[in-house]
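The structure under discussion appears below in the form of structure tokens.
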Amino acid sequence: MSAWLMQPRTGGLLLLAAVMVAIYLAAPNNFYLDVAIQIGLNAMVVVGLNLLIGYAGQISLGHAGFFGLGAYASAVLPVHLGVPPLAAPFVGMLVVGLLAFLVARPVLRLKGHYLAMATLGLGLLVFMLLTNESQFTGGPDGMAVERLRIFGERISGKDWWYLITCVMLLLSVWLTLNLIDSPTGRALRALHDSQIAAQVAGVDVARFKVIAFVYSAMLASLAGSMSALYSGFVTPDKAGFLHSIELVIMVVLGGMGSTFGGIIGAAVLTSLPQFLTVFAEYEHMILGAILMAVMIFLRRGLLPAILDALRRRRLS
Amino acid sequence: MSLMTFLKATAATSALVAVAAFATGLTAGEAAAQIRIGSVLSITGPASFLGDPEDKTLRMYVDRINAEGGVNGEQLELIVYDSEGDANKARTLATRLIEDDEIVAMVGGSTTGTTMAMVPLFEDAEIPFISLAGGIVIIEPVNPFVFKTPHTDRMACEKVFEDMQARGLSRVGLISGTGGFGKSMRGQCLNVAEAYGIEIVADETYGPRDTDMTPQLTNIRNAQGLQAVLNPGFGQGPAIVTKNFAQLGIEVPLYQSHGVASKSFIELAGAAAEGVRLPASALLVANQLPDDDPQKQVVVDYKTAFEAEWNRPVSTFGGHAYDGLMILVDAMRRAGSADPVAIRDAIEETTGFMGTAGEVNMSPDDHMGLDLTAFRMLEIRDGDWTIVQ
Numbered sequence: 013m014s015a016w017l018m019q020p021r022t023g024g025l026l027l028l029a030a031v032m033v034a035i036y037l038a039a040p041n042n043f044y045l046d047v048a049i050q051i052g053l054n055a056m057v058v059v060g061l062n063l064l065i066g067y068a069g070q071i072s073l074g075h076a077g078f079f080g081l082g083a084y085a086s087a088v089l090p091v092h093l094g095v096p097p098l099a100a101p102f103v104g105m106l107v108v109g110l111l112a113f114l115v116a117r118p119v120l121r122l123k124g125h126y127l128a129m130a131t132l133g134l135g136l137l138v139f140m141l142l143t144n145e146s147q148f149t150g151g152p153d154g155m156a157v158e159r160l161r162i163f164g165e166r167i168s169g170k171d172w173w174y175l176i177t178c179v180m181l182l183l184s185v186w187l188t189l190n191l192i193d194s195p196t197g198r199a200l201r202a203l204h205d206s207q208i209a210a211q212v213a214g215v216d217v218a219r220f221k222v223i224a225f226v227y228s229a230m231l232a233s234l235a236g237s238m239s240a241l242y243s244g245f246v247t248p249d250k251a252g253f254l255h256s257i258e259l260v261i262m263v264v265l266g267g268m269g270s271t272f273g274g275i276i277g278a279a280v281l282t283s284l285p286q287f288l289t290v291f292a293e294y295e296h297m298i299l300g301a302i303l304m305a306v307m308i309f310l311r312r313g314l315l316p317a318i319l320d321a322l323r324r325r326r327l328s
Numbered sequence: 002m003s004l005m006t007f008l009k010a011t012a013a014t015s016a017l018v019a020v021a022a023f024a025t026g027l028t029a030g031e032a033a034a035q036i037r038i039g040s041v042l043s044i045t046g047p048a049s050f051l052g053d054p055e056d057k058t059l060r061m062y063v064d065r066i067n068a069e070g071g072v073n074g075e076q077l078e079l080i081v082y083d084s085e086g087d088a089n090k091a092r093t094l095a096t097r098l099i100e101d102d103e104i105v106a107m108v109g110g111s112t113t114g115t116t117m118a119m120v121p122l123f124e125d126a127e128i129p130f131i132s133l134a135g136g137i138v139i140i141e142p143v144n145p146f147v148f149k150t151p152h153t154d155r156m157a158c159e160k161v162f163e164d165m166q167a168r169g170l171s172r173v174g175l176i177s178g179t180g181g182f183g184k185s186m187r188g189q190c191l192n193v194a195e196a197y198g199i200e201i202v203a204d205e206t207y208g209p210r211d212t213d214m215t216p217q218l219t220n221i222r223n224a225q226g227l228q229a230v231l232n233p234g235f236g237q238g239p240a241i242v243t244k245n246f247a248q249l250g251i252e253v254p255l256y257q258s259h260g261v262a263s264k265s266f267i268e269l270a271g272a273a274a275e276g277v278r279l280p281a282s283a284l285l286v287a288n289q290l291p292d293d294d295p296q297k298q299v300v301v302d303y304k305t306a307f308e309a310e311w312n313r314p315v316s317t318f319g320g321h322a323y324d325g326l327m328i329l330v331d332a333m334r335r336a337g338s339a340d341p342v343a344i345r346d347a348i349e350e351t352t353g354f355m356g357t358a359g360e361v362n363m364s365p366d367d368h369m370g371l372d373l374t375a376f377r378m379l380e381i382r383d384g385d386w387t388i389v390q
């Protein structure tokens with residue numbers, strides 16, 4: 013029983029769900045729920061991105077591009093193509109998945125700096141597309157998103173969105189954990205340690221890289237769509253380079269290769285600026301110092317370091 | 002204790018201190034009878050040239066109003082957050098102002114993008130929001146709780162076309178920047194051109210980082226029967242256009258937009274700027290206004306106060322914040338209460354209010370209340386602004 017509970021897929025998910033309920037009950041007002049929703053949406057992207065960075069060992073500096081495409085899918089499709097708002101996120105996901113699939117093979121043949129550059133370029137292209145095609149996207153000022161209706165009911169309350177975000181995050185974590193625990197996950201980990209060794213052992217390296225890339229891109233797109241529907245407004249910033257970097261930092265800060273660590277990274281990085289508004293001018297300095305401290309002293313990321321410390325204490 | 006553990010402990014403590022400070026920041030200042038007003042501005046980031054003077058203006062005038070006894074016998078408390086020009090951040094911060102700080106009104110939103118991201122929140126919460134951004138989408142269609150103080154791009158186009166009409170110019174070449182400002186103004190100019198009998202004979206664009214606009218200007222010069230050129234744009238682009246325009250020896254009048262209404266434009270364009278016309282706020286020529294001008298008092302006072310306090314030249318953007326705050330305070334005094342809905346009703350009834358952008362007369366259909374007299378047509382002569390009569 014206890015061994016079953018200690019499994020990330022069961023115990024971890026239960027703990028996550030418990031934390032979600034606790035946050036809902038403890039939140040003094042809607043502002044806290046708003047921050048929690050933002051954390052949840054970022055966490056969805058990070059969970060997927062972690063599979064790519066932490067497991068497959070491939071860097072992507074362009075994931076905000078996929079996030080942005082998803083966001084604009086739920087903004088542009090209903091207005092210009094008459095797609096119902098509820099279907100738009102899924103159409104967006106398919107389109108993004110297809111795009112990721114097409115670019116994955118050539119891009120993922122690159123390594124290290126070159127891969128970083130290629131994904132960076134991809135993100136920038138999306139950003140420029142969203143900024144320049146102003147007749148569809150509203151240009152740099154962005155555009156409004158039609159509010160979501162389910163059975164004629166307008167979904168705009170924070171309570172509703174908190175519920176939707178929590179359910180989607182739990183689903184994506186569950187899916188990701190399953191994937192990690194499957195032959196695909198083991199192949200990805202082998203690939204992370206040594207591509208050549210993995211290849212020698214019979215792993216189809218290219219195929220598994222593509223799977224991780226497409227999966228993470230589709231998850232980013234879904235989170236982007238949800239974020240657009242939630243906030244009712246999109247701007248190209250969402251697809252911007254800085255957002256890509258933020259997402260990678262969340263992965264690294266929380267712990268590469270740790271799905272729940274990524275969620276903690278998203279939580280810390282999304283909520284910290286809100287805590288630091290009290291210091292206004294020093295906000296960026298403090299944020300930078302905290303990041304540096306974590307990177308220097310907890311090199312493997314927050315969650316793995318904490319778990320290690322707990323384990324060591326138990327042994328001694 | 003090793004160095005490592007010491008440093009770890011320090012990092013952990015500083016994080017705890019930050020959290021504690023946040024908690025105290027939330028609970029502090031709830032005792033006194035105060036009217037809380039909020040603001041989300043782009044104080045840092047690419048739009049800081051808007052947010053910074055707006056922030057300085059709001060702080061300065063809230064202090065002054067409080068020193069003079071506040072509003073309706075209560076002190077104002079101003080809460081300002083920095084959106085860094087990011088619409089998503091602006092939205093979260095606006096949620097915080099509404100839900101956590103429980104403000105009664107908002108003066109802020111430096112850019113059209115951040116403003117539009119915050120509008121739905123204020124609409125749902127029924128709290129008045131006076132925006133400081135230019136885009137016409139903010140007030141069209143009218144949203145009951147949303148107002149704005151700056152003139153729109155469309156008005157700048159209309160002012161320019163009005164001046165062209167008076168000079169008998171009708172065949173116009175357009176060269177626009179592709180940034181948010183240039184793009185939006187180009188669209189508005191194309192929309193209103195016909196109403197002023199203006200025909201757009203050439204329509205060229207340039208990127209925000211282009212350093213030579215000679216090819217586009219050559220195309221415009223070759224347009225049949227060209228009578229004037231208009232350049233909607235922002236930043237250094239218009240200065241380069243102005244220089245290239247002089248180098249090519251194009252003989253028709255050149256019009257710039259209100260986007261270049263600062264001394265740095267004249268410095269950048271140098272001698273080529275001579276004779277260029279542009280619509281701008283009266284604030285830019287405060288001291289040159291005739292003494293009987295009804296706006297003179299307001300703009301000279303604001304200019305003097307701002308420059309004395311911050312020791313830097315006044316900008317029209319800070320003026321928008323001044324107008325927003327004063328309209329709000331005026332409305333609260335007339336309403337005699339700090340109830341958001343009562344304030345909203347009073348803002349909508351604002352008439353004859355003289356601000357730095359011009360005389361404001363709001364109505365249920367017009368949540369900006371400015372007309373074309375708000376703009377002054379200026380011409381650059383001898384490296385300085387001159388009012389065109």
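In the order they appear, the protein sequences are chains A and B.
Using the numbering used here, the letters of the first sequence map in sequence onto residues 13 to 328.
Using the numbering used here, the letters of the second sequence map in sequence onto residues 2 to 390.
Beta carbons are placed, not taken as given, at the ideal position from N, Cα and C, and that holds for glycine.
Could you tell me the boundaries of the alpha helix (DSSP H) in which A/P101 lies?
100 to 120
Only counting the same chain, and skipping five residues up and downstream in sequence, which positions put a Cβ closer than 7 Å to that of A/V108?
F78, L81, G82, A229, M230, S233
B/A229 - DSSP class collapsed to helix/strand/coil
strand
Let me see if you follow: with CB-CB separation under 7 Å, is B/A24 close to chain A or not?
Because B/A24 sits at a pLDDT of 47, beneath the cut-off of 50, its placement in the model cannot be relied upon, and the point is left open.
Return helix, strand or coil for B/G30, following the three-state DSSP convention.
Because the pLDDT of B/G30 is 42, which lies under 50, any placement of that residue in the model is unreliable, and the number read from its coordinates should be weighed accordingly. In the structure shown, B/G30 sits in coil (DSSP, three-state: anything other than H, G, I, E or B).
Listing by chain order, which chain A residues have their CB less than 7 Å from the CB of B/E349?
Going along chain A, no residue has its Cβ under 7 Å from B/E349, so there is no contact; the nearest lies around 23 Å.
Would you report the Cα separation of B/Q35 and A/L120, rounded to the nearest angstrom?
59 Å
DSSP state of B/T352 mapped onto helix, strand, coil
coil
Of all the residues that make up the segment 87 to 109 of chain B, which are near chain A by a beta-carbon distance shorter than 7 Å?
Residues of the segment 87 to 109 of chain B whose Cβ lies closer than 7 Å to any Cβ of chain A, in chain order: D87, A88, N89, R92, T93, T96, R97, E100, D101.
Kindly provide the ranges of any alpha helix (DSSP H) runs that are 4 or more residues long and lie completely inside the segment 228 to 309 of chain B, ordered along the chain.
238 to 248, 264 to 270
Status (buried if at least 16 other CB within 10 Å, exposed otherwise) for B/E411:
Nothing in the structure corresponds to residue 411 of chain B, since chain B is present only between 2 and 390.
Closest to B/Q390 by CA distance: which of B/Q217, B/E268, B/D164 is it?
B/D164
Taking C-alpha atoms, which residue in A/D171, A/I318, A/L314, A/N190 lies nearest to A/V264?
Measuring from the Cα of A/V264, the nearest candidate turns out to be A/L314.
At least one CB of chain A closer than 7 Å to the CB of B/Y207: is that the case?
no
Where does B/Y62 land, buried or exposed, given buried means 16+ other C-beta within 10 angstroms?
Flag for B/Y62 reads buried.
Output yes if chain B places a C-beta closer than 7 Å to the C-beta of A/N41; else output no.
Closer than 7 Å: yes.
Using the beta-carbon count (16 or more within 10 Å), is B/N192 buried or exposed?
So B/N192 ends up on the exposed side.
Specify the secondary structure class of B/A196 as computed by DSSP and reduced to three states.
helix
Terminal residues of the continuous alpha helix (DSSP H) containing A/S239?
217 to 243
Along the chain, where does the beta strand (DSSP E) containing A/R312 start, and where does it finish?
Where A/R312 is concerned, there is no enclosing beta strand (DSSP E), because DSSP gives it neither an H nor an E.
Closest to A/P99 by C-alpha separation, out of A/L160, A/T188, A/R21, would be which residue?
The identity of residue 99 of chain A in the sequence shown is Ala, whereas the question assumes Pro. Put simply, of A/L160, A/T188, A/R21 the residue whose alpha carbon is nearest the alpha carbon of A/A99 is A/L160.
Give the interface partners of B/P121 over in chain A, defined as CB-CB distance under 9 Å, in chain order.
A156, R159, S168, S243, G244, F245
Tell me which residues share the same chain as B/N394 and place their Cβ nearer than 8 Å to its Cβ, disregarding the 5 neighbours each side in the sequence.
As displayed, chain B neither begins before 2 nor continues past 390, which places residue 394 of chain B out of reach and without an answer.
Does the segment 100 to 107 of chain B come close enough to the segment 283 to 300 of chain B that 3 or more CB-CB pairs lie under 8 Å?
no
Using the Cα positions of B/P142 and B/T116, report the straight-line distance between them to the nearest angstrom.
14 Å
Which residue or residues does DSSP assign as beta-bridge partners of B/F148?
B/I131
Per DSSP, which residues does B/E205 bridge with? Please list them.
B/I176
In whole angstroms, what separates the C-alpha of A/N41 from that of B/K90?
18 Å
Scan the segment 233 to 254 of chain B for residues whose Cβ lies nearer than 7 Å to a Cβ of chain A and list them as they occur along the chain.
Legend: CB atoms of the segment 233 to 254 of chain B lying less than 7 Å from CB atoms of chain A are not found in any residue.
If you measure from the beta carbon of B/T113 to each beta carbon in chain A, is any gap under 7 Å?
yes
Pick helix, strand or coil for A/Q70, following the three-state DSSP scheme.
coil
Where do the N-terminal and C-terminal ends of the beta strand (DSSP E) with B/L77 fall, by residue?
76 to 83
Would you be able to state if there are at least three C-beta pairs under 8 Å between the segment 248 to 264 of chain B and the segment 354 to 364 of chain B?
no
Partners in chain B for A/P118, counting only beta-carbon separations shorter than 9 Å:
Under the 9 Å cutoff, chain B gives no residues; its nearest Cβ is about 28 Å from A/P118.
Considering only DSSP beta bridges, list what B/M107 is partnered with.
B/G39, B/F130
Spell out the partners DSSP gives B/M378 in its beta bridges.
In DSSP, B/M378 forms a bridge with B/P280.
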